[in-house]
Amino acid sequence: MEIAPSVYVLPGVIALTDKQNAGQISNSGFIIGRDGVAVIDTSGSLAAGRKLRAAIRAISSKPILYVIFTHVHPDHTLGAAAFVDDHPVFVGHHALPAAMAAHGEDYLNAARHLLGEQNFSGTQIVPPTLLVDGEKEIDLGDRRLKLESWPSGHTNTDITITDETTGAMFLGDLLFSGHIPALDGKLTGWLDNLRKLKQRPVRLVVPGHGPAAMAWPDAAEAEEAYLRRLRDDVGEAVREGETIRQTAESAAASERGKWRLFDDFNPRNATTAYHELEWQ
Numbered sequence: 003m004e005i006a007p008s009v010y011v012l013p014g015v016i017a018l019t020d021k022q023n024a025g026q027i028s029n030s031g032f033i034i035g036r037d038g039v040a041v042i043d044t045s046g047s048l049a050a051g052r053k054l055r056a057a058i059r060a061i062s063s064k065p066i067l068y069v070i071f072t073h074v075h076p077d078h079t080l081g082a083a084a085f086v087d088d089h090p091v092f093v094g095h096h097a098l099p100a101a102m103a104a105h106g107e108d109y110l111n112a113a114r115h116l117l118g119e120q121n122f123s124g125t126q127i128v129p130p131t132l133l134v135d136g137e138k139e140i141d142l143g144d145r146r147l148k149l150e151s152w153p154s155g156h157t158n159t160d161i162t163i164t165d166e167t168t169g170a171m172f173l174g175d176l177l178f179s180g181h182i183p184a185l186d187g188k189l190t191g192w193l194d195n196l197r198k199l200k201q202r203p204v205r206l207v208v209p210g211h212g213p214a215a216m217a218w219p220d221a222a223e224a225e226e227a228y229l230r231r232l233r234d235d236v237g238e239a240v241r242e243g244e245t246i247r248q249t250a251e252s253a254a255a256s257e258r259g260k261w262r263l264f265d266d267f268n269p270r271n272a273t274t275a276y277h278e279l280e281w282q
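Residue numbers (our numbering): 3 to 282.
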């Protein structure tokens, strides 16, 4: 789907990884410049990565110059092997190599179980060689992309990508829509990152999960409301001396009807938030 001139998104489905979706549960994208292509996230298996590569080749035969990971999670990184033979530069947050080393084997073992051998076969961890610490610019040929690393929020490996030609911005999983946000970093940091991102003069954003493109900053409203409710409920639970188990069952319960996969992720979010907020 072309969301802006030469900016494309291959949407994922809102679901847990399984054999039917082959791990294509997050949004992937690509941007085409004069000299070549930048891929943004590679989906969650070699099979899904090949589907993304085929979508690129249906539109452009230009070389794939960069493959950019918005963060460490397997549904965004495990399709990378589909692009190895293109010899691109793999790009990620400066903390991403350590995160991949720490979690990669667990991600692969889980993916093999969830995807089945046919989808999983050939899936591998491909670490980045170009690291983003602060801001970095890459050029596709008369088409500059601005890459920015962010403090720990959704994860401790989040980067965003802005196409300076169109103003379209890929937020990775700093933005969820429809799919409940998944917290694997710092809740307060995520809210602070959103506050700063909302000040950007950006017209269009691509969430990590949800529609192919959304208007900004309105797209952040539902996620912010959920994260604030989670923060407030968990903070109150900590002050009242509730246990982690009690908090996981009750925190942000008022948000249940607004999000898909709520019961799969909210208890984990509450537990992560509890460990963060009990020390504040």
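Ideal placement from N, C-alpha and C gives every residue a C-beta, glycine not left out.
Model, not experiment: these values are computed from the prediction.
Reference residue i; option with closest CA among the options
i	options	result
Met171	Thr19, Gln22, Ser30, Asp20	Ser30
Ala97	Ala84, Leu132, Pro213, Glu119	Leu132
Ser63	Val86, Asp43, Phe71, Asp37	Asp37
Ala222	Arg202, Arg241, Val240, Asp234	Arg202
Ala356	Leu80, Leu12, Lys21	Missing from the structure shown is residue 356; the chain here goes from 3 to 282 and no further.
Ala6	Asp165, Phe85, Gly25, Ser45	Asp165
Ile27	Val41, Gly51, Val9	Gly51
Leu116	Pro153, Leu185, Ala24, Pro130	Ala24
Phe71	Pro65, Phe85, Gly243	Phe85
Leu67	Asp135, Pro99, Asp141, Phe178	Asp141
Ile16	Thr273, Ala254, Arg241, Pro213	Pro213
Gln120	Pro183, Thr162, Ser47	Ser47
Asn158	Arg231, Val236, His105, Asp235	His105
Residue burial classification, residue i (beta-carbon count within 10 angstroms, cutoff 16)
i	result
His277	exposed
Trp261	buried
Lys198	exposed
Ser256	exposed
Lys188	buried
Ile61	exposed
Glu243	Glu is not the amino acid found at residue 243; the sequence shown has Gly there. Result: exposed.
Leu18	exposed
Met102	buried
Glu225	buried
Gly259	exposed
His89	exposed
Identified DSSP bridge partners for residue i
i	result
Pro292	For residue 292 there is no data in the structure shown, the boundaries of the chain being 3 and 282.
Lys148	Glu139, Thr164
Ala6	Val9
Val93	Ile70, Leu132
His181	Arg262
Phe32	Tyr10, Val41
Using a Cβ distance threshold of 8 Å, determine whether the stretch 131 to 149 contacts the stretch 106 to 115, with at least three qualifying pairs required. no
Given 8 Å as the limit, is there contact between the stretch 74 to 92 and the stretch 114 to 130, that is, 3 or more CB pairs closer than that? yes
Let me know the beta strand (DSSP E) ranges lying completely inside the stretch 183 to 236, each 3 residues or longer, listed in chain order. 206 to 211
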